[in-house]
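Numbering follows full-length UniProt numbering, with no gaps: position 118 of the sequence shown is 118.
No residue lacks a Cβ here, since even glycine has one placed at the ideal position from N, Cα and C.
The structure presented is a predicted model; accordingly, all values stated were derived computationally and were not measured.
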Amino acid sequence: MALQTESIGSESLENWKLIGSGGFGKVYKARHKRWRRDVVIKDRELHKEANYMDKVSCDSVLRVHGMYKGCPPDGGTSTHLGIVMEFMERGSVESLLKALSGPPPWPLAFRLAHEVALGMNFLHCNNILHHDLKPSNVLLNGDLHAKLADFGLSRVSTSALSSSEERTEVKGGTYKYMPPEAFNASYQPVRTFDIYSYGILLWSIVASSKAAVTILHFMHRRSKTLLFFLLNFYLL
1 MALQTESIGS ESLENWKLIG SGGFGKVYKA RHKRWRRDVV IKDRELHKEA
51 NYMDKVSCDS VLRVHGMYKG CPPDGGTSTH LGIVMEFMER GSVESLLKAL
101 SGPPPWPLAF RLAHEVALGM NFLHCNNILH HDLKPSNVLL NGDLHAKLAD
151 FGLSRVSTSA LSSSEERTEV KGGTYKYMPP EAFNASYQPV RTFDIYSYGI
201 LLWSIVASSK AAVTILHFMH RRSKTLLFFL LNFYLL
């Protein structure tokens, strides 16, 4: 599917600010002159990944505005490619949990859980697995509404995601949020990969502790029955 959003060059952007960097490239915040609003530019983002994000645009998934082609302020004279996305003013669920002295209020926690579930369900209905659901990949707008982000590991399923034979192109994810069976060399991710990650994500929100995530992951490797009991007891 070809990307339907517009091409955006450096001449359309001002007030650049580097807000992140790593092996994935650099992430900038900038002001779009014509739109008069802030956007995020992910340098070196692959066109194929942008196609995935464009395909699944909805209220619970981060919106792609277009493809970027130009020279960032600190990028030298070479032309860079990337994608332009909406800017989420309140950061991520991870940054929210760090800022709070404990778990978020229950109404907010339930709303975040609901909105993440809507985004995950929308992805699955479009035959896409996220592969890396975790607090840092759930972004928050000014009203603390959640949207799923970072589709660098997302892959289109080769099935309709409705049978036991579903497969994806590659596997990936953050190990603390991955199901234990994903560590088998022959494992191919299916929808339950995201569903497991979703459960750990919810646990991290209500427990507001990385240690809780580590303990829960260890217990699941020891006993799936115990995990499902805890998830049902604390989260449902």
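Sort Y187, R111, R37 by Cα distance to E14 and report the nearest one. R37
Just list the residues that DSSP pairs C58 with in beta bridges. V61
If distances are taken between C-alpha atoms only, which option among H131, I8, C125 comes closest to C71? I8
Give the DSSP-derived three-state secondary structure of L118 in the structure shown. Three-state DSSP puts L118 in a helix.
Starting from L97 and walking both ways along the alpha helix (DSSP H), at which residues does that stretch end? 93-99
As assigned by DSSP and simplified to three states, the class of R191: helix
When we look at the beta-carbon of D150 and count the other beta-carbons within 10 Å, is it buried (16 or more) or exposed? buried
What does the alpha-carbon distance come out to for the pair G20 and I195? 28 angstroms
If contact is defined by three or more beta carbon pairs under 8 angstroms, each pair taking one atom from either stretch, is the segment 78-85 in contact with the segment 98-116? No contact exists between the segment 98-116 and the segment 78-85.
Other residues of its chain near E11: CB distance less than 6 angstroms, five sequence neighbours each side excluded: none
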